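Just so you know, the sequences run in chain order R and U. For the first sequence, this note's numbering gives the first residue as 10, with consecutive numbering after it. For the second sequence, this note's numbering gives the first residue as 10, with consecutive numbering after it. A quick write-up on the structure given underneath.
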Amino acid sequence: MKRYICYALLLQLLLLGTATATELDALDVMFREVQRSMKVLKRHDEAPYYISYEITEDVAATVSGAFGKATSRNFIVSRYLDIDLRLGDYSLDNTHPLRGGLSELSNGPATTPIEDEEALRTTLWLHTDVAYKQALTQFTRVKSAVQSSVRPVFRVGDYSPYPVRKFSEAKVELDADFEHWRDKIQQYTEPFSEAEFIQDNYAYIFGDVETRWFVNSDGSRILVSKPYYRLVIQATTKADDGMEISLERTFDASTPNKILQDEQVMSAVRSMIEDLHALRVAPLVEPYTGPAILSGRSTGVFFHEVLGHRVEGHRQRLLDEAQTFHSQLNQRLLPRSFSVVFDPTEGSFDGVELIGGYKYDNQGVEAQRVVVVDRGTLKGFLMSKTPIMGFYRSNGHGRKNYGYPVVSRQSNLFVEIRNPHTRDELEAMLIERIKEQGKPYGLYFADVKGGFTLTARSMPNAFNVNPLMVYRLYPDGSKELVRGVDLIGTPLTTFSRVEAGADDYEVFNDVCDAESGQLPVSTVAPSILISQIEVQKTESSRSIPPILPSPVSRIDGHSGSRADSER
Amino acid sequence: MRRAGACAIALCWLALAGCLQAQESEGDILRRAMQDELDRSLSELQLEGEPKPYFISYTVTELESHSMRYVLGSHDSSSTNLRRTLFVAVRVGNSELDNTGFLDVSNDQIAINLGIIGTALPLRDNYDELRRVMWLATDAAYKAATKTYSAKRSALENQIVGSRTPDFSEEEPHLYLEESDQLGFSLEELAGIAREVSQAFADQPNVFASSAHVQSTVSSRTYLDTEGNHNRLYTPQCTVGATARTQALDGAAIHDSTYTYSRSCSDLPAIDSLRAKAVAMAQRLEARRDAEPLYVYSGPVLFEPDAAAHFLNQVLAKLLGATSVPETGNPQWDSNLEQVANPFVAKIDARVFPRTISVFNDPTISDYQGRPLLGSYAVDAEGMPTRRTELISNGILKTLLTTRDPVNKLVNSTGSHRGYGNPLPGNLFIQPESGLSMDELRTELIELAKENGSEFALLVRKMQSMEDFDGSESPLDELFQTQFAGGISAMPAIDVVKIYTDGREVQVLPLVVTDFVDSHFRDIVATSAETVHADVAISPFANMNILSLFTEGISALHGGKEFISIITPALLFEDLSLRSAVGFKPNLPAVPHPLAQD
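As structure tokens, then:
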């Protein structure tokens, strides 16, 4: 017990450093240093036309555990500096994409102090110099490459201006109570220790306040601070044939209390244990094509992977990208009842918080609602300040994690259905399709854990969605839980088979990993019917179950039983 | 170090240390869980058609660390961590032939046997939960061991095998239990140290980047095996580091660092002394800005004692451990692996050093000239007691340090498993029969230069520290320079001066020793009479034999930081080759330093 009290004090001490950060007007110091650099560098042959500084502070705490016991905890305060320095002009600058360019040897992102003017200015100065020299080298290469390559008919430019924005909000403090979190982790994972068939269990509570200070040479100054708390619970069992089966539940919110709702979490834990028990004996599914219903959460991940990544603007200009939807603008992709919108300004849906929202992106552009598919027709792309043909202005989706360059990324994805069916109607339609296609059953994807997609042209332009819970739905309406499949396909073909959507919207919050790092994203989507999907066998460990029985089950009545072995 | 004002937080830390102690004295649930699962696994764990394990060991490490980094008096980053890890080692077969020391290269794939499996343990002792984690980790380790054992037997069956050295040594069981020390030092005080030391670089606009960090760790290690070896160790450590970098006037990137280690933060020198050390380092760095480039050099080189200690840590320490070449069953692979084998293994009873130098390792010595030796320890990572080992006597290599993996005729452990696979020293003493004063050595250096017909010779005052790789300013360029230097690699010499035959000194930019081989040790022509002691943190890059990487991975059984203490005189080599360690030379900053302008 004393140890946890110590940690509460420790946390307070370490947070002292972050609290003082607000005493210094870091935005002002950063802006003065940007101005000084621009002024001095103007005297050089190659002068920057744009510089931005972004400092990202993460104050993060984690408590993890398994089977009713805490296993580790940590607390980290870090501040990282990112500099975007551009030579040339908006039409051609040092960031111009080159085919097959070698990546630079990097020491990783620079850490920076933020509480003292001299220390902050010195760090900004040093890394501006590094960025300037790197930009000089890059720009020389770019100019040489452009001169020696075929001139495109129309060049869209490498960057776009955006009006000056000024915004500042109060810095949020991390609300981390290690003792409480430890108790919760122990409470939430304890039921797994009672279920002998659960082989592995892992859970953690993570709290993070990300505060960003952004300035650019145009005059924008932005300070945003966003808390994020996540509870992840994972459990694994092994079927008799050796297949490892894992389920994961996550809870995300902007305050710790919202993720630590005992009733909700314990219900999820009980359901995980029941589902794992059922999955152990569920039949394996062979590769299959046929009709399927995706639940709201599954639809969200499906759209995130299949459409979302392919409407990220930068993929329409990178030479190595397949640019799947580049030529589909103003063409029908989906049924007329479907629209797809990205809206980072939305904070919640039906009382559930959405983690993919933000006030300003990482280029100082305010978050904006973007209609990507309107009544089935592709209308736009997610844009950073890097323009593409026909889209020359950012719509506030230039995002990144610290240490990465900005690219256009997804935020909160909404799949909206006009004149939706009910869920029962959708199932009835599925049974019709099963009969029409002469299939023995259709599939129902009840829940998913995530997925991935390949968008480069050097490999098959495919996607893979990893389900957690899949059912066979038979023509008589009965359902059977199955295991061992992934939903796969190619984007244009699969989209052409999307038929209808229901009105049972669900939220899926997760962290998306792509070129500009890990970022929180959300989807809000209903169940949908797809006339034909394809599944393949999932990759999974097939090692044999443990040789000896669990020692825990043997020690009932032993002097070291649970009740008296806990100190 | 000032201890007043520690207030509630220091009391809190004292309570924390008390918790640690209380855990161990209260019933020893951990020990009982380890013993029960070991017993059950040894007697019952068996796959059909496969042998039972004949040896299992559990190592439980608990590490609590706090670190803080400051830049020019301002907080930059900090972290605190607490974790507990179980490592399981399983051997199947028997001590003559088991699953270890084998690299499976069949099917055109290299299957690296990491040997030891690590997994998270609950922070608080609960018998059931400890047993559950141990059960699953042992099961996984046993399955991996049987797979490797099967592959190894299969590979050996297809070739004529002469007399093999056994795979595991027979040792007497050893019991060693330590009680934890009371610790008392507040995090506030640690932050104060980092802040103060980082301010040493204020008002120095010619130092482009700088930082100071403090790290305090308390690690404990509990070891138990099926042969009855049992030990429990507590190791508090405290590190104060300061790093600074700038550019020489010709653009070359130069940097320097200074580290102070102690067993606990209470034992640190006074804060004024720590700050003064950082100030002196910054001044040396600034003085090196107008250093001359030197592209290649071949001739006599004198290492001052501290530089000699860091050089020997990188080029000698790993040679003093007997590491076997893993068996593969593939002649081409066997031949390739022989190329990177430790050359000292074949040189026992041969002369490897000048006749005037002897070398021994003695981790049982706790201090030297009144200063604690951080390389001292009682029991190694395999539960074996340490002892004094005479390694080189009057230049002749007598034996090597060993773990429980026998190598040729070296069949018993010297207690030298430091958690990195290959054996490493603890306290390494380089003992000259006689020595010169530093002035006499310098005169000798000049004489050698004259004999060579050279205008100058080189004096190395400081080597790059491997610790620098822990910081955010990792000198990747230097690592690259080192990797392409050939021979046994060592980090660059960062403080080097030319000593001209007329006595003049000219600072030169960093150099790296090239093509260094073990026979160069015989070219030590003189040493100083005075010896100094340097504590050097063990790093996988500098201290790990590549063969150990293949067979063991970086097991990190140590939990926290481990040290080698090297006690050495200055060393004068008759002939070494060096070349410039300066890579890309960027222009000087295009914008003046903000403080300089102000």
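We put the beta carbon where it would ideally sit given N, CA and C, even for glycine. In this text the structure is predicted, and so the values were computed from the model without any measurement.
Beta-carbon proximity check, residue i vs residue j, cutoff 7 Å
i: Leu338/R; j: Leu387/R; result: yes
i: Leu256/R; j: Leu490/R; result: no
i: Leu382/U; j: Asp389/U; result: no
i: Met281/R; j: Ala248/R; result: no
i: Ala466/U; j: Ile503/U; result: no
i: Tyr59/R; j: Arg88/R; result: no
i: Ser46/R; j: Val600/U; result: yes
i: Lys9/U; j: Ala218/U; result: Residue 9/U lies beyond the range of chain U shown here (10 to 607); nothing can be said about it.
i: Pro414/R; j: Gly166/R; result: no
i: Thr235/U; j: Leu47/U; result: yes
i: Ala203/U; j: Tyr79/U; result: yes
i: Leu435/R; j: Ile542/R; result: no
i: Ser81/R; j: Arg92/U; result: yes
i: Glu283/R; j: Asp67/R; result: no
i: Pro415/U; j: Ser66/U; result: no
i: Glu205/R; j: Ser552/R; result: no
i: Gly110/U; j: Pro352/U; result: no
i: Leu232/R; j: Glu321/R; result: no
Beta-carbon neighbours of residue i, restricted to chain R and to distances below 8 Å
i: Arg141/U; result: Phe76, Ser202, Ser559, Pro560 and Val561
i: Asp148/U; result: Pro555, Ile556 and Leu557
Residue from the options with nearest C-alpha to residue i
i: Asn83/R; options: Ser83/U, Ser87/U and Val80/U; result: Ser87/U
i: Glu449/U; options: Asp527/U, Lys327/U, Ser271/U and Gly512/U; result: Gly512/U
i: Pro172/R; options: Ser158/R, Ser420/R, Val224/R and Arg41/R; result: Val224/R
i: Asn596/U; options: His53/R, Phe40/R, Val43/R and Met39/R; result: His53/R
i: Ser422/U; options: Asn370/U, Thr412/U and Thr398/U; result: Thr412/U
i: Lys458/R; options: Lys448/R, Ile254/R and Asp271/R; result: Ile254/R
i: Leu433/U; options: Gln213/U, Ser52/U and Tyr386/U; result: Tyr386/U
i: Glu188/U; options: Ser229/U, Ala200/U, Val101/U and Thr157/U; result: Ser229/U
i: Tyr369/R; options: Phe390/R, Gly385/R and Gly407/R; result: Gly407/R
i: Leu400/U; options: Ser333/U, Val416/U, Leu520/U and Leu329/U; result: Leu329/U
i: Lys61/U; options: Phe572/U, Pro363/U and Lys156/U; result: Lys156/U
i: Gly495/U; options: Met472/U, Glu571/U, Ser586/U and Gln516/U; result: Ser586/U
i: Ser525/R; options: Asn421/R, Ser417/R, Lys409/R and Ile539/R; result: Lys409/R
i: Ala511/R; options: His430/R, Val561/R, Ser487/R and Arg402/R; result: His430/R
i: Glu515/R; options: Arg164/R, Ile556/R and Arg306/R; result: Arg306/R
i: Met472/U; options: His264/U, Ile405/U, Ser463/U and Asp343/U; result: His264/U
i: Thr308/R; options: Leu36/R, Ser536/R, Leu557/R and Tyr62/R; result: Ser536/R
Interface residues of chain U facing residue i [CB-CB closer than 9 Å]
i: Glu127/R; result: Leu81, Gly82, Ser83, Ala211, Pro603, Leu604 and Asp607
i: Phe84/R; result: Ser87, Ser88, Thr89 and Asn90
Amino acids of chain R, ordered along the chain, whose beta-carbon sits closer than 7 Å to that of residue i
i: Glu391/U; result: Under the 7 Å cutoff, chain R gives no residues; its nearest Cβ is about 25 Å from Glu391/U.
i: Asp358/U; result: Going along chain R, no residue has its Cβ under 7 Å from Asp358/U, so there is no contact; the nearest lies around 46 Å.
Residue i: contacting residues in chain U (beta-carbon distance under 7 Å)
i: Thr245/R; result: In chain order: nothing, as chain U lies at least about 11 Å away.
i: Asp138/R; result: Pro598, Ala599 and Val600
Cross-chain neighbours of residue i in chain R, by beta carbon under 9 Å
i: Pro60/U; result: Within chain R, no residue comes near Pro60/U; the closest Cβ sits about 13 Å away, beyond 9 Å.
i: Phe217/U; result: Thr131, Trp134, Leu135 and Asp138
Any non-hydrogen atom of the ligand MG within 6 Å of residue i CB
i: Asp544/U; result: With respect to the ligand MG, the structure shown offers nothing to examine, as it has no ligands at all.
Residues that residue i contacts on chain U, provided the C-beta gap is smaller than 8 Å
i: Ala79/R; result: Pro131, Leu132 and Arg133
Please determine if the segment 301–321 of chain U and the segment 532–550 of chain U are in contact, where contact requires at least 3 C-beta pairs separated by less than 8 Å.
-> yes
If you scan the segment 448–520 of chain R from start to end, which runs of the alpha helix (DSSP H) of 4 or more residues do you find wholly inside it?
-> 500–504
With a floor of 3 residues, list each beta strand (DSSP E) that falls wholly inside the segment 324–406 of chain R, ordered by position along the chain.
-> 347–351 and 379–383
For the segment 374–385 of chain R against the segment 346–361 of chain R, are there 3 or more C-beta pairs whose distance is under 8 Å?
-> yes
Are at least three pairs of beta-carbons, each pair with one atom in the segment 260–272 of chain U and one in the segment 223–240 of chain U, less than 8 Å apart?
-> no
Runs of alpha helix (DSSP H) wholly within the segment 388–448 of chain U (minimum 4 residues, chain order) = none
Between the segment 306–325 of chain R and the segment 495–509 of chain R, do at least 3 Cβ pairs fall closer than 8 Å?
-> yes
Quick one: which unbroken beta strand (DSSP E) runs of 3-plus residues sit fully inside the segment 182–241 of chain U? Chain order, please.
-> 184–186 and 218–234
Do three or more CB pairs link the segment 264–278 of chain R to the segment 292–308 of chain R at distances below 8 Å?
-> no
Is the segment 363–372 of chain U touching the segment 125–145 of chain U, taking contact as three or more C-beta pairs under 8 Å?
-> no
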